[in-house]
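All residue numbers in the sequence shown are consecutive under this note's numbering, ending with 59.
Just below is one structure, and these are the notes that go with it.
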Amino acid sequence: MCAEKIKLVDYKQAQIIKTFCTDTGKMLSRRITGACAKHQRQIMRAVKINRNLSLMPYN
Numbered sequence: 001m002c003a004e005k006i007k008l009v010d011y012k013q014a015q016i017i018k019t020f021c022t023d024t025g026k027m028l029s030r031r032i033t034g035a036c037a038k039h040q041r042q043i044m045r046a047v048k049i050n051r052n053l054s055l056m057p058y059n
């Protein structure tokens with residue numbers, strides 16, 4: 001995320017956020033995604049919002 005100069009991860013970008021999840025719907029760790037702590041938190045919040053809005057599955 002930092003290397004791509006993305007400043008804010010928005011929950012409306014569902015297709016981008018899905019790349020940080022496995023096929024089963026679990027979130028990938030920072031080790032695997034390469035995101036810094038700040039962007040990993042933003043990704044985590046966006047995934048939770050998307051799950052609540054039914055844009056992404058829970059499983």
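C-beta: ideal position from N, C-alpha, C; glycine also.
Exercise. Looking at C-alpha atoms only, which residue of Met44, Met56, Asp23 is the closest neighbour of Arg30?
Worked result: Looking at the Cα atoms, Met44 is the closest of the given residues.
Exercise. When we look at the beta-carbon of Ile17 and count the other beta-carbons within 10 Å, is it buried (16 or more) or exposed?
Worked result: When all chains shown are included, Ile17 counts as buried.
Problem set entry | Every unbroken alpha helix (DSSP H) within the region 28-58, with a cutoff of 4 residues, ordered by chain | Assignment of alpha helix (DSSP H) within the region 28-58, counting only whole runs of 4 or more residues, yields 30-33, 37-52 in chain order.
Exercise. Can you round the beta-carbon distance between Pro57 and Gly25 to whole angstroms, since I take them to be within the 8 Å contact cut?
Worked result: Their Cβ separation, rounded to whole angstroms, is 5 Å, which keeps Pro57 and Gly25 in contact under 8 Å.
For this session: Select from Ile32, Gln15, Arg41 the residue whose C-alpha is nearest the C-alpha of Lys7.
Result: When Ile32, Gln15, Arg41 are compared, the shortest CA-CA separation from Lys7 is found for Arg41.
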